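Novice: Attaching a single structure in structure tokens format; questions to follow.
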Amino acid sequence: MQERRTDHRRPGRRKVLGLTGGAAAVLAGGGAIRALGVGDGGAEAHAAGAHTERAAAPQDALGSNFNEEPRGMTPAILDDLGTRWVRGFVATPRLDSVAAPEQPAIKSLLSFAAAGYRTVLSLKFPYQDQPLPQPGTSAMDTELARVDKALAAVLEKVDILIIGNEPFLETRAEDRAGRLNPFYKAVTAHVIAERARRCGADCSTRLYMGALNRLEKPEWRTPAVESWLAHVKDTPQLDGVDLHPHVAAIEHAQQYTDYALPRIRGDQRFLATEFSLVHWWKEHWTDPVPGVYATRYGVPAGTAFWEEVRKAAANPFPQARWRDLLMESTWFASRQDWLTRQVRQFRATGRLAVATYGTLQGPAMTSDLGPDKMPWLLNSLYANLVAQRSADGSLAHNPAFYEDFRALQ
Numbered sequence: 005m006q007e008r009r010t011d012h013r014r015p016g017r018r019k020v021l022g023l024t025g026g027a028a029a030v031l032a033g034g035g036a037i038r039a040l041g042v043g044d045g046g047a048e049a050h051a052a053g054a055h056t057e058r059a060a061a062p063q064d065a066l067g068s069n070f071n072e073e074p075r076g077m078t079p080a081i082l083d084d085l086g087t088r089w090v091r092g093f094v095a096t097p098r099l100d101s102v103a104a105p106e107q108p109a110i111k112s113l114l115s116f117a118a119a120g121y122r123t124v125l126s127l128k129f130p131y132q133d134q135p136l137p138q139p140g141t142s143a144m145d146t147e148l149a150r151v152d153k154a155l156a157a158v159l160e161k162v163d164i165l166i167i168g169n170e171p172f173l174e175t176r177a178e179d180r181a182g183r184l185n186p187f188y189k190a191v192t193a194h195v196i197a198e199r200a201r202r203c204g205a206d207c208s209t210r211l212y213m214g215a216l217n218r219l220e221k222p223e224w225r226t227p228a229v230e231s232w233l234a235h236v237k238d239t240p241q242l243d244g245v246d247l248h249p250h251v252a253a254i255e256h257a258q259q260y261t262d263y264a265l266p267r268i269r270g271d272q273r274f275l276a277t278e279f280s281l282v283h284w285w286k287e288h289w290t291d292p293v294p295g296v297y298a299t300r301y302g303v304p305a306g307t308a309f310w311e312e313v314r315k316a317a318a319n320p321f322p323q324a325r326w327r328d329l330l331m332e333s334t335w336f337a338s339r340q341d342w343l344t345r346q347v348r349q350f351r352a353t354g355r356l357a358v359a360t361y362g363t364l365q366g367p368a369m370t371s372d373l374g375p376d377k378m379p380w381l382l383n384s385l386y387a388n389l390v391a392q393r394s395a396d397g398s399l400a401h402n403p404a405f406y407e408d409f410r411a412l413q
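Below, the structure is given as structure tokens:
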């Protein structure tokens, strides 16, 4: 049963102007930096990205996530949402062809850090199609050289560095039981040593391991996952673990913390830098649009929901039409309290450090839209690629989650 939601709408909200998802460049935030608020451990605002002392560990923070696509993410977006936290990831092979400070995700996070925002970077090691390097090999040396490039750019600048993005999904199935743990243990040891060498024991950049997926499925709770969590527990320099509960039900997300937290130290915390109901959306992606919606907008009866989304991606709908499409679909409207309930569930553990949620729709979400597409775009807090902007230029919102995200700050 869904909780009833009280109306947390804030009067006179700040407008986000002139942005189109996937098109606007990241702007460095200038001007005065206000003090950090609830959810960032009581630390004061950073001065121009310089971390003169280690801030208190964050707890219960809720921020924005842009994954690998920072275009359109600006201080105005974060301020509109009321958050001081932002997360992205970089695939390490990209550092072969571009200097780390100029790589888009890293460059964006460095800009946010310099403007006083709190930042999280995940290092992604994409080995779905090739063997994971093993310690002591030239392939491992190549990977560690990439890691060093990232470390030189971000240590003492980003608040949290996550070693790994989604290891068990970004590794060949045949490597998960054998090669995966030696690889990630070697990378972790290298990062810990380099952090100590570059910025000492009081380095302001905290380290986490990340991230675990599909823990709601018993077949994914393997001996390799147990070993991975044991390594987190046994490594005192690690602050905890990242979890990515992309699920079909809030009860499934509960299984992530129930499984992972008892397997790490009591003083360690968890991140949830990605989480969503995308698998619930996928179950209904091919459902017909609501009859009342079809009648109101002259849509042929039986039109699949995804077909209507494809129309909106090609020619963005007026905001009222996009809202009606979502909120008249009972499978979507029945989950409108999900974000509030999910964040409360995370916080109820007493061990949430930072959770970050998908913010802008990106071009990859609307490319090749079809019945088999994962509907990531339904998660985003802004409907910037499928709904028209307001007359004042502000972006359309997710009618279920935008206001709740702000209220959770």
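When you read off a place in the sequence shown, starting at 1, and then add 4, the result is the number in my numbering. For each residue, glycine too, the CB sits at the ideal point set by N, CA and C. Note that the structure is predicted; figures quoted are calculated from it, not measured.
How long is the line joining the alpha carbons of glycine 182 and methionine 369, rounded to whole angstroms?
Specialist: Cα to Cα, glycine 182 sits roughly 33 Å from methionine 369.
Novice: Quick check on this structure: which residue in Met213, Arg75, Asp246 has the alpha carbon closest to the alpha carbon of valine 358?
Specialist: For valine 358, the nearest C-alpha among the options comes from Asp246.
Novice: Going straight from the alpha carbon of arginine 327 to that of valine 347, what length do you get?
Specialist: Spanning the two alpha carbons is a distance of roughly 23 Å.
Novice: Leaving out the 5 sequence neighbours to the left and right, which residues in its chain are closer than 6 Å to aspartate 291 when beta-carbon positions are compared?
Specialist: Excluding positions up to five away in sequence, the list reads Phe309.
Novice: Keeping to the same chain, check which residues put their C-beta closer than 6 Å to that of phenylalanine 116; ignore five residues upstream and five downstream.
Specialist: The answer, listed in chain order, is Val90, Thr123.
Novice: Would you mind reading off the limits of the beta strand (DSSP E) that contains methionine 213?
Specialist: Where methionine 213 is concerned, the enclosing beta strand (DSSP E) stretches over 210-216.
Novice: Reducing DSSP to helix, strand and coil, say where asparagine 169 ends up.
Specialist: Here asparagine 169 sits in coil by DSSP.
Novice: Going by DSSP, which residues form a beta bridge with tryptophan 89?
Specialist: Answer is Arg122.
Novice: Exposed or buried, glutamate 255, counting other C-beta atoms within 10 Å across all chains shown (16 or more means buried)?
Specialist: Classification for glutamate 255: exposed.
Novice: Can you tell me the Cα-Cα spacing of valine 2 and arginine 201, whole angstroms?
Specialist: Absent from the model: residue 2. The displayed extent of the chain is 5 to 413, so no value can be given.
Novice: How is the beta strand (DSSP E) around threonine 360 delimited, first residue to last?
Specialist: Per DSSP, threonine 360 belongs to the beta strand (DSSP E) from 356-362.
Novice: Output needed for proline 139: all residues of its chain with C-beta closer than 7 Å, excluding positions within five of it in sequence on either side, in chain order.
Specialist: Contacts found: Pro186, Ala190.
Novice: Going by beta carbon distance, what residues of the same chain come within less than 6 Å of serine 394, once the five residues before and after it are set aside?
Specialist: Here the set comprises nothing.
Novice: Ignore the nearest five residues each way along the sequence and tell me which others in arginine 176's own chain have a CB closer than 8 Å to its CB.
Specialist: Excluding sequence neighbours, arginine 176 sits near Tyr131, Gln132, Asp133, Gln134, Pro135, Leu136.
Novice: According to DSSP, is glycine 397 helix, strand or coil?
Specialist: Reduced to three states, the DSSP call for glycine 397 is coil.
Novice: By a C-beta neighbour count over all protein chains shown, 10 Å radius and 16 as the cutoff for buried, is methionine 77 buried or exposed?
Specialist: It counts as buried.
Novice: So for serine 384, helix, strand or coil by DSSP?
Specialist: Three-state result, serine 384: coil.
Novice: Between the Cα of leucine 127 and the Cα atoms of Ile166, Ser208, Met331, Gly204, which residue gives the shortest distance?
Specialist: Of the candidates Ile166, Ser208, Met331, Gly204, the one whose C-alpha sits nearest the C-alpha of leucine 127 is Ile166.
Novice: What does the alpha-carbon distance come out to for the pair aspartate 4 and glycine 270?
Specialist: Because residue 4 is not part of the residues shown, which for the chain are 5 to 413, the question remains open.
Novice: Going by the CB atoms, is the gap between glutamate 72 and valine 94 shorter than 8 Å?
Specialist: Cβ distance < 8 Å, so valine 94 and glutamate 72 count as in contact.
Novice: Is DSSP giving phenylalanine 116 helix, strand or coil here?
Specialist: It is helical.
Novice: Closest by CA to aspartate 64, which one among Arg273, Glu160, Leu148, Leu85?
Specialist: It is Arg273 whose Cα lies nearest to the Cα of aspartate 64.
Novice: Have a look at Ala215, Ser68, Arg58 and flag the residue whose alpha-carbon is nearest the alpha-carbon of leucine 364.
Specialist: Ranking the options by Cα distance to leucine 364, first place goes to Ser68.
Novice: With DSSP as the reference, please indicate the residues paired to leucine 66 in a beta bridge.
Specialist: Beta-bridge pairing links leucine 66 to Ala359.
Novice: Do you know how far the Cα of glycine 92 is from the Cα of glutamine 241?
Specialist: When rounded, the distance between both Cα atoms is 22 Å.
Novice: Take phenylalanine 405 and list the residues in its own chain whose beta-carbon comes closer than 7 Å to its own, dropping the five residues that flank it on each side.
Specialist: Only Leu343, Leu385 meet the Cβ criterion.
Novice: Do you know how far the Cα of histidine 283 is from the Cα of threonine 307?
Specialist: In a straight line, the C-alpha of threonine 307 is about 21 Å away from that of histidine 283.
Novice: Have a look at aspartate 372 and lysine 286 and give me their C-alpha separation to the nearest angstrom.
Specialist: If I take the Cα positions, the gap works out to 15 Å.
Novice: DSSP three-state call for serine 371: helix, strand or coil?
Specialist: Coil.
Novice: So what's proline 186 in DSSP terms, helix, strand or just coil?
Specialist: Helix.
Novice: If you measure between the beta carbons of proline 294 and serine 338, is that distance less than 8 Å?
Specialist: Not closer than 8 Å, so no.
Novice: Per DSSP, what kind of secondary structure is isoleucine 268 in: helix, strand or coil?
Specialist: Isoleucine 268: coil per DSSP, three-state reduction.
Novice: Note down the Cα distance separating glutamate 407 from arginine 325, rounded to an integer number of angstroms.
Specialist: Glutamate 407 and arginine 325: Cα-Cα distance of roughly 19 Å.
Novice: DSSP beta-bridge partners for isoleucine 164?
Specialist: Paired residues: Val124, Arg210.
Novice: Between which two residues does the alpha helix (DSSP H) containing leucine 329 stretch?
Specialist: Unbroken alpha helix (DSSP H) run through leucine 329: 323-331.
Novice: What is the DSSP secondary structure of threonine 415, counted as helix, strand or coil?
Specialist: In the structure as shown, the chain starts at 5 and stops at 413, and residue 415 therefore has no counterpart that could be examined.
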